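Written below as structure tokens is the structure these notes are about.
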Amino acid sequence: MNESGASSPDRLLDLFHGVRLTPTQRRIAHCLVRHAGAAAYLSAAEVAELAGVSQPSVTRFAMALGHDGYPALRRRLRELTAAGATDPAAGNALQRAVHAEMENLDRLAAQLADADRIAGVGRMLAASRPLPVLGLRAGAPLAAYFAYFAAKVHPDVRVLDDGGSLLTDRLDQAVAAGATALLAFVLPRYPRETLDALREAADAGLTVVAITDSPVSPAADHADVVLPAAVGADLVFDLHTAPMTLAMVVLQAICDAAPAETQTRLEAFESSAARRQLFLG
2 MNESGASSPD RLLDLFHGVR LTPTQRRIAH CLVRHAGAAA YLSAAEVAEL AGVSQPSVTR
62 FAMALGHDGY PALRRRLREL TAAGATDPAA GNALQRAVHA EMENLDRLAA QLADADRIAG
122 VGRMLAASRP LPVLGLRAGA PLAAYFAYFA AKVHPDVRVL DDGGSLLTDR LDQAVAAGAT
182 ALLAFVLPRY PRETLDALRE AADAGLTVVA ITDSPVSPAA DHADVVLPAA VGADLVFDLH
242 TAPMTLAMVV LQAICDAAPA ETQTRLEAFE SSAARRQLFL G
């Protein structure tokens with residue numbers, strides 16, 4: 002944990018707060034957040050290559066943030082990096098990875114201060130019958146985890162975890178059955194099929210709610226509601242502690258949106274589980 006209590010990604014996100022960015026500029030912003038440790042030492046050409054944009058786009062991005070060019074933005078990034086340097090007393094690499102996850106949860110907790118926003122999302126998803134839940138590749142386990150519990154309180158939860166033409170078929174079937182909203186888990190490295198599915202869902206008239214790792218994630222271009230929860234990137238594979246926590250927060254909001262129905266369904270499940278002796282305790 003650094004002395005200021007804010008991580009480098011947090012500090013970078015503060016730079017973008019309140020600034021209306023184009024989709025291309027959001028790609029650059031997301032690239033800088035994902036490479037927070039090295040961002041302050043990259044050239045404009047290197048940032049452009051990482052983000053998959055042109056070098057003039059990087060210059061325009063810096064100017065959109067109020068700087069006279071990329072060199073000025075890079076100086077600001079170096080200031081933020083120096084201010085957010087990791088405390089050497091934080092422990093070994095494994096401990097630092099866990100501490101980073103604690104920071105991600107702290108950041109999520111701060112976002113949840115706006116309880117009305119999450120409550121609105123809960124009402125929207127609770128009203129969608131059926132409720133399609135999209136998650137491909139790294140997002141698939143989170144979609145399945147959410148859906149396992151959501152099925153106990155919602156009458157028709159449909160997990161969309163296969164790509165290709167089958168995904169389109171199942172999305173069309175959900176819309177035909179009356180779905181009005183889609184919950185999507187969009188995590189790095191952002192499968193192209195996931196973003197294609199978000200576009201198709203929006204074209205079909207669904208309200209898209211995306212749980213993703215950053216407010217400037219590629220999902221932001223295709224979602225009506227973006228719920229960010231940072232992903233840990235300090236180990237070989239990403240840690241999804243905050244997105245999984247946010248998934249359960251959203252499910253709580255769904256339960257709160259229809260408390261009587263939730264209670265009835267939970268009691269019915271517990272009665273069935275007891276009759277079949279499903280659990281030991």
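In our numbering, the protein residues as written are 2 to 282. Backbone N, C-alpha and C define an ideal beta-carbon position, used for all residues, glycine too. Being a predicted model, the structure only gives us computed values, none of them experimental.
Looking only at its chain, what residues have a beta carbon closer than 6 angstroms to the beta carbon of residue i, apart from the 5 residues adjacent to it on each side?
i    : result
I255 : G123, L126 and A127
A259 : A127
P89  : Unreliable placement is indicated for P89, whose pLDDT of 44 sits below 50; the coordinate value is still reported in the next sentence. Same-chain partners within the cutoff: there are none.
G164 : L137 and E194
Y191 : P219
G179 : R130
L106 : A243
Q278 : none
Quick one: residues in its chain with C-beta nearer than 7 angstroms to the C-beta of residue i, no 5 flanking neighbours on either side, listed in chain order?
i    : result
V20  : A65 and L66
Y146 : M245 and A248
Q26  : F62 and A65
L16  : L66
T263 : V154 and C256
A202 : L172, L183 and V209
D117 : none
Whose C-beta lies closer than 8 angstroms to the C-beta of residue i among residues of the same chain, with five residues either side of it excluded?
i    : result
L51  : C32, H36 and L43
F270 : K153
A120 : A254, D257 and A258
G6   : Summary for G6: the model assigns pLDDT 45, below 50, so the residue's position carries little reliability; its value from the coordinates is reported in the next sentence. Once the five neighbours on either side are set aside, G6 has no close Cβ partner at all.
What are the boundary residues of the alpha helix (DSSP H) that residue i is part of?
i    : result
T246 : T242 to A258
G38  : A37 to A40
L51  : A45 to A52
Q56  : Q56 to A65
I need the DSSP call for residue i, collapsed to helix, strand or coil.
i    : result
L106 : helix
T169 : helix
P24  : helix
P10  : helix
A211 : strand
V99  : helix
G136 : strand
R193 : helix
G92  : coil
G121 : helix
Beta strand (DSSP E) containing residue i: first to last residue?
i    : result
A182 : A182 to V187
G140 : Segment G140 to A151 is the alpha helix (DSSP H) holding G140; no beta strand (DSSP E) there.
V354 : Outside the displayed span of the chain (2 to 282) sits residue 354, for which this structure offers no information.
V160 : V158 to L161
Check whether the Cβ atoms of residue i and residue j lie closer than 7 angstroms to each other.
i    : j    : result
V209 : P216 : no
P244 : A230 : yes
V34  : P10  : yes
A182 : L207 : yes
A353 : A211 : Residue 353 lies beyond the residue range present for the chain, which begins at 2 and ends at 282; the question has no answer from this structure.
L240 : E80  : no
A98  : D235 : yes
D170 : R130 : no
V134 : V160 : yes
A45  : L78  : no
L252 : F150 : yes
A198 : L168 : yes
T213 : V237 : no
V54  : Y71  : no
D222 : P24  : yes
Check whether the Cβ of residue i lies closer than 7 angstroms to any Cβ atom in chain D.
i   : result
V34 : Judged by its chain identifiers, the structure shown contains no chain D, having just a single protein chain.
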